[in-house]
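Basically my numbering = 1-based index in the sequence shown + 412.
Written below as structure tokens is the structure these notes are about.
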Amino acid sequence: MDTFKQVESFVNIASRGSLSAAARAEGVTPAIIGRRLDALEQRLGVKLLTRTTRSIALTFEGAAFLEDCQRILHDLANAEASVSLGGVKASGHIRVSAPAGFGRIHVAPLMRDFLEMNPDVSCMLDLSDRVVDLVNEGIDCAIRIGELPDSSLVSIRLAENRRVVVASPAYLARFGAPAVPQDLSGHKCLSLGQQRGWLFRGEDGETITLKVSGRFECNDGAVLHEWALAGHGLAWRSLWEVDADLRAGRLVSVLDTFAAPTTGIYAVFPQRKHLALRVRLFIDHLKNHYGRPDYWRQA
């Protein structure tokens, strides 16, 4: 309580320009305000204000500290107001990054629903297949697919991701289906740019990587999906992208017995003690939908 009063008095002094004005605002004497400021400066070990008989001015450290203190007091006031109005409400701006294809299908629609449920929240959704720098680019949360490298980021697993080799019925009727992964060397494979290779489970249970080749190559997964539908070759795609086509018979999966182990779909965010309510609620929103078995069929 003493710490909070010290901070509150410091903000009042800086914003009102004098100890006496701050004292009137808080209903105490100027001497009490002065003692609070002295105690705060002594605890921090820095001078926050330079005082003369006629004026008060912020030091460099004081100006930086004031900005943080004002934000904290503002957030506290908003939190108290939200509770007093009958429930905690999310507010503020959220910046989210997601892979382009997955983001269009499985993040953007849920983001729209989330904003409808939380009218005091605004968002910026960045759809890009590059790995963004969350800290330097000011991203609150990123959706990433696949195993995560060790880093200072915190991750929450939202769902499982399984990849399958697919082709159109027309392609399989013309060229046949591969029986084992090694048969891919004799097929037309649709490659994702500089992809290291397609992953499969070997006979000993270990994951193996096979390089594939073909006339069609693109760095956009959505294009590979369209090429597969058009019968141009075999594609290695995530189930979240092709499940509807498989159920409708537009695509057929092959080599299922050799499918590599599933990977994860994650929400990652910078290491912080406290995650903003709007970010936490958005992650929960995604996890709740992705965790429903019927979600992927409907999506």
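Just so it is clear, CB atoms sit at the ideal spot from N, CA and C, and this is done for glycine as well.
In this text the structure is predicted, and so the values were computed from the model without any measurement.
Item, Value
"Among the candidates L689, Q418, T619, whose CA atom is the shortest distance from the CA of R455?", "Q418"
"Measure the Cβ-Cβ separation of A512 and S540 and say whether it is below 8 angstroms.", "yes"
"In this structure, how does DSSP classify N548 when only helix, strand and coil are distinguished?", "coil"
"For A579, report the span of its alpha helix (DSSP H) as first-last.", "Where A579 is concerned, there is no enclosing alpha helix (DSSP H), although the beta strand (DSSP E) it sits in stretches over 575 to 579."
"Might you give, ordered along the chain, the residues of its own chain that have their beta carbon closer than 6 angstroms to the beta carbon of L565, omitting 5 neighbours on each side?", "V680"
"Are the beta-carbon atoms belonging to A599 and G645 less than 8 angstroms from one another?", "A quick correction: the sequence has His, not Ala, at residue 599. In contact: H599 and G645 (Cβ atoms closer than 8 angstroms)."
"Can you tell me where the beta strand (DSSP E) holding S430 begins and where it ends?", "It is not in any beta strand (DSSP E) - S430 carries neither H nor E in the DSSP assignment."
"Rounded C-beta distance between L602 and G617? I'm assuming under 8 angstroms.", "Actually they are not in contact, since the Cβ atoms of L602 and G617 sit about 27 angstroms apart, beyond 8 angstroms."
"Should M523 go down as buried or exposed, given a rule of 16 or more other Cβ atoms within 10 Å for buried?", "buried"
"Run through DSSP, which three-state label would H697 get?", "helix"
"Could you tell me the alpha carbon to alpha carbon distance between I484 and G474, rounded to whole angstroms?", "15 angstroms"
"Identify whether R692 lies in helix, strand or coil by the three-state DSSP scheme.", "helix"
"Take E559 as the anchor and find which of F416, T675, T415, K699 has the nearest alpha-carbon.", "T675"
"Between the Cα of V624 and the Cα atoms of W610, V635, G614, H486, which residue gives the shortest distance?", "W610"
"Just checking, does the region 634 to 654 make contact with the region 575 to 585 on the three C-beta pairs under 8 angstroms criterion?", "yes"
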